[in-house]
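In what follows, a structure is listed as structure tokens, so that the remarks can point back to it.
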Amino acid sequence: MELIVQIIIGLIVAFAAYNLIHYLFVTRPSRKRTALAQRVCNEAVETAVKKLVTSGDLTSFGNDDLRSEQIAEIWGRGVMAFEYHLPINKVTSTIPEFKEALSKALVTYGNEHHMHVHVEKTDRPVFMVTDMWQLDDRLHFDVAYLVNLTTVEYVDDLKRL
Numbered sequence: 001m002e003l004i005v006q007i008i009i010g011l012i013v014a015f016a017a018y019n020l021i022h023y024l025f026v027t028r029p030s031r032k033r034t035a036l037a038q039r040v041c042n043e044a045v046e047t048a049v050k051k052l053v054t055s056g057d058l059t060s061f062g063n064d065d066l067r068s069e070q071i072a073e074i075w076g077r078g079v080m081a082f083e084y085h086l087p088i089n090k091v092t093s094t095i096p097e098f099k100e101a102l103s104k105a106l107v108t109y110g111n112e113h114h115m116h117v118h119v120e121k122t123d124r125p126v127f128m129v130t131d132m133w134q135l136d137d138r139l140h141f142d143v144a145y146l147v148n149l150t151t152v153e154y155v156d157d158l159k160r161l
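Our numbering puts the first residue of the sequence shown at 1, with every later residue one more than the last.
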């Protein structure tokens, strides 16, 4: 009986140690990288959206209207893609036209900040609009920040679909 109790206690301690080590060396650094990437991506999207307001593709809106959410949890660890949404009534053009204008504004932002992705002998923009759709009264769009190979592969997989 004493041996069984020691085995159970040993298993509990091993499980707790594993979870602690996993949290300290995998989960926490991954969350920090994702949070940093989201801040960089938010800055790029906010700048691009301000440029679109200036050009007339969007009407002005409050700071609370543009929101971002992390979608990396859905697609897997290391994917630096984020979902943004804003009121559909602020968009003055069609969704495909807005997507093209937003993509160009993000490419311009990346060029101005000397941010490019060098993969497979090609030079890509670092920010890509991967999807855009309307749901109820909001326009949703996903922006991928191609900062690592996992995100590049994610974008390539989306293109194949």
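Beta carbons are placed, not taken as given, at the ideal position from N, Cα and C, and that holds for glycine.
Exercise. In angstroms, rounded to a whole number, what distance separates the CA positions of N148 and V49?
Worked result: 24 Å
For this session: List the endpoints of the continuous alpha helix (DSSP H) containing L86.
Result: L86 -> not in any alpha helix (DSSP H); beta strand (DSSP E) instead, spanning A81 to P87.
For this session: Could you please give me the residues that DSSP links to D131 through a beta bridge?
Result: D142
Exercise. Any chance the region 5-17 sits against the region 75-91, with 3 or more Cβ pairs inside 8 Å?
Worked result: no
For this session: May I have a chain-ordered list of the alpha helix (DSSP H) segments no shorter than 4 residues that lie completely inside the region 34-120?
Result: 72-75 and 95-112
For this session: Could you tell me whether the region 30-37 touches the region 85-98, using the rule of 3 or more Cβ pairs below 8 Å?
Result: no
Exercise. Going along the chain, which residues of its own chain have a beta-carbon closer than 8 Å to the beta-carbon of A101, five neighbours each way excluded?
Worked result: L52, S55, D57 and S93
Exercise. Do you know whose CA, among P125, D131 and V5, lies nearest H114's CA?
Worked result: P125
Exercise. How would you call G62, buried or exposed, if buried means at least 16 neighbouring beta carbons within 10 angstroms?
Worked result: exposed
For this session: Give the DSSP-derived three-state secondary structure of V137 in the structure shown.
Result: Residue identity check: residue 137 is Asp in the sequence provided, not Val. DSSP places D137 in coil when its eight states are reduced to three.
For this session: Can you grab the Cα-Cα spacing for the pair K104 / F127, in whole Å?
Result: 10 Å
Exercise. Apart from the five residues on each side of it in sequence, which residues of its chain come closer than 7 Å, Cβ to Cβ, to S60?
Worked result: V53
Problem set entry | Own chain partners of Y154 with C-beta closer than 7 Å, once the 5 adjacent residues on each side are dropped | W75, V79, A81 and A144
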